Amino acid sequence: MPRFAANLSMMYNEHAFLDRFAAAARDGFQAVEFLFPYDFPAADLKSRLTEHGLTQALFNAPPGDWGAGERGIASLPGREDEFRRGVDTALEYARVLGNDKLHVMAGLIKPEQSRAAHRDVYLKNLAYAAQTARAEGITVVIEPINTRDIPGFFLNRQDDAQAICAEVGAANLKVQFDLYHCQIVEGDLAVKLKRDMKGIGHIQIAGVPERHEPDIGEVNYPYLFALIDELGYDGWLGCEYRPRAGTSEGLGWIRPYVNVRG
């Protein structure tokens, strides 16, 4: 049976951020994820998790200057010291929140920049992140993202992500398989899940192409949920979608899997 984590950065935007934990719990979610925790003290977030019986599934390491358009710095030459400080900050939060997965965003590359130079920095930074996180029992995940949503993002394909993890060679470095992004870039989702499951550390879902609930669009999610179970994945499925209207009102799709009480 699939286990779903509500993504509080995209879902429950009807509520202030700290109130989204309660809303997700009322709707039957047992876990949450979000982009970044750094605007709040870790203890405040932990108290919400504890109060509502929620597990923290995942969050992202600091991405650089998000407001200025940066989308990660792991592959950016000259930002290595900042990246390492960010990993240390993320692990400080993870010690409090209790998650065992940490997403590290690759960042953007301009057409005139050297992909080889970015890749070299990326490999070295990921090796550092994995080694540092290993002592905390945390798996670092990297995510291929489509260039329609984030033009210029460095990492776009599942096979490239798997190859990077293999080259780094750390057991706690895996791929975050977002079915929404993969469908846009590559398609053939079931085959890629079968091919790569051993190297997948986290899965996320959303409807394609609008990124709404996973009950509309071109992806057959009930089939994929059954396949993911069959392949032995026992992690969380992050619901990283933008509800069409109210979040709770749009949860009809999840009723076969979760006791929705809201």
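Numbering follows the UniProt record's numbering, with no gaps: position 116 of the sequence shown is 116. Glycine included, C-beta positions come from ideal geometry on N, C-alpha and C. Treat the numbers as computed from the prediction; the structure is a model and nothing was measured.
Which residue wins for smallest C-alpha separation from His181, given the options Ser75, His212, Glu82 and Glu51? Locating residue 181 in the sequence shown gives position 181, where the first residue counts as 1. Ranking Ser75, His212, Glu82 and Glu51 by CA distance to the CA of His181 puts His212 first.
C-beta contact flag for Asp215 and Gly169 at 9 Å: To locate residue 215, count along the sequence shown from 1; it is residue 215. To locate residue 169, count along the sequence shown from 1; it is residue 169. Taking 9 Å as the Cβ cut-off, Asp215 and Gly169 do not qualify as a contacting pair.
Mind checking which residues open and close the alpha helix (DSSP H) that includes Phe83? Translated into positions along the sequence shown, residue 83 becomes position 83. For Phe83, the enclosing alpha helix (DSSP H) stretches over residues Glu80 to Leu97.
With a Cβ-Cβ cutoff of 9 Å, do Leu76 and Leu45 count as a contact? Sequence index remark: in the sequence shown, residue 76 carries index 76 (1-based). Sequence index remark: in the sequence shown, residue 45 carries index 45 (1-based). No.
Buried or exposed for Thr247, going by 16 or more other Cβ atoms inside 10 Å? Position 247 of the sequence shown, counted from the first residue, corresponds to residue 247. When all chains shown are included, Thr247 counts as buried.
Helix or strand or just coil, what does DSSP make of Phe36? Reading the sequence shown from its first residue, position 36 is the one you call residue 36. Three-state DSSP puts Phe36 in coil, outside helix and strand.
Rank Asn220, Arg244 and Gly152 by C-alpha distance to the C-alpha of Asn13 and give the top, closest one. The count along the sequence shown starts at 1 and reaches residue 13 at position 13. Residue Arg244 is the option with its Cα nearest to Asn13.
For Gln131, I'd like the list of residues in its chain whose CB is within less than 8 Å of its CB, leaving aside the five on either flank, ordered along the chain. On the sequence shown, position 131 is the one that residue 131 refers to. So the qualifying residues of the chain are Ala170.
Within its chain, find whatever has a CB closer than 7 Å to the CB of Gly250; leave out the 5 residues flanking it on each side and keep chain order. Position 250 of the sequence shown, counted from the start, is the residue given in the question as residue 250. The answer, listed in chain order, is Glu213, Pro243 and Arg244.
Taking Gln204 as part of the beta strand (DSSP E), name the residues at either end of that continuous run. The residue labelled residue 204 in the question sits at position 204 within the sequence shown. From DSSP, the beta strand (DSSP E) with Gln204 extends over Ile200 to Ile205.
So for Gly262, helix, strand or coil by DSSP? Locating residue 262 in the sequence shown gives position 262, where the first residue counts as 1. Below a pLDDT of 50, predicted positions are generally treated as unreliable, and Gly262, at 40, falls in that range; no measurement from the model is reported.
Do the CB positions of Glu240 and Asp178 come within less than 9 Å of each other? One-based indexing of the sequence shown puts residue 240 at position 240. One-based indexing of the sequence shown puts residue 178 at position 178. In this structure, Asp178 lies closer than 9 Å to Glu240 by Cβ.
Mark Asp65 as exposed unless 16 or more other C-beta atoms lie within 10 angstroms of its C-beta, in which case mark it buried. Taking the first residue of the sequence shown as position 1, residue 65 is located at position 65. Exposed.
Proximity of Val104 and Ile142 at Cβ, strictly below 9 Å: Taking the first residue of the sequence shown as position 1, residue 104 is located at position 104. Taking the first residue of the sequence shown as position 1, residue 142 is located at position 142. Closer than 9 Å, so yes.
Which residues in the same chain have their Cβ closer than 6 Å to the Cβ of Glu210, if we skip the five residues on either side of it in sequence? Here residue 210 corresponds to residue number 210 of the sequence shown, with the count starting at 1. Closer than 6 Å at Cβ, skipping near neighbours: no residue.
Taking just the CA atoms, how far does Gly217 sit from Gly262? Taking the sequence shown and counting its residues from 1, the one referred to as residue 262 is at position 262. Taking the sequence shown and counting its residues from 1, the one referred to as residue 217 is at position 217. Note that Gly262 scores 40 on pLDDT, short of 50, meaning its location in the model is unreliable; the coordinates nonetheless yield the value given after this. Near 25 Å, if we compare the C-alpha coordinates of Gly217 and Gly262.
From which residue to which residue does the alpha helix (DSSP H) around Asn125 run? Taking the sequence shown and counting its residues from 1, one reaches residue 125 at position 125. Its alpha helix (DSSP H) spans residues Arg115 to Arg134.
For Ala79 and Ile73, I'd like the C-alpha separation in whole angstroms. Counting from one through the sequence shown, the residue named residue 79 turns up at place 79. Counting from one through the sequence shown, the residue named residue 73 turns up at place 73. At residue 79 the sequence reads Arg, which differs from the Ala that was named. So the two alpha carbons sit approximately 7 Å from each other.
Identify whether Met17 lies in helix, strand or coil by the three-state DSSP scheme. In the sequence shown, counting from the first residue as 1, residue 17 sits at position 17. Going by the sequence as given, residue 17 is Phe instead of Met. Looking at Phe17 - three-state DSSP - the assignment turns out to be helix.
Quick one: grab the DSSP three-state call for Val191. Indexing the sequence shown from 1 puts residue 191 at position 191. In the structure shown, Val191 sits in a helix (DSSP, three-state: H, G or I).
Among the candidates Ile228, Ile200, Leu91 and Glu186, whose CA atom is the shortest distance from the CA of residue 286? Nothing about residue 286 can be reported from this structure: the residues present for the chain run from 1 to 262 only.
Distance between Lys110 and Val121 (C-alpha atoms, nearest Å): The count along the sequence shown starts at 1 and reaches residue 121 at position 121. The count along the sequence shown starts at 1 and reaches residue 110 at position 110. Each residue's Cα considered, the two are about 15 Å apart.
Going by beta carbon distance, what residues of the same chain come within less than 8 Å of Ala117, once the five residues before and after it are set aside? Position 117 of the sequence shown, counting from 1, holds the residue named residue 117. Pro77, listed in sequence order.
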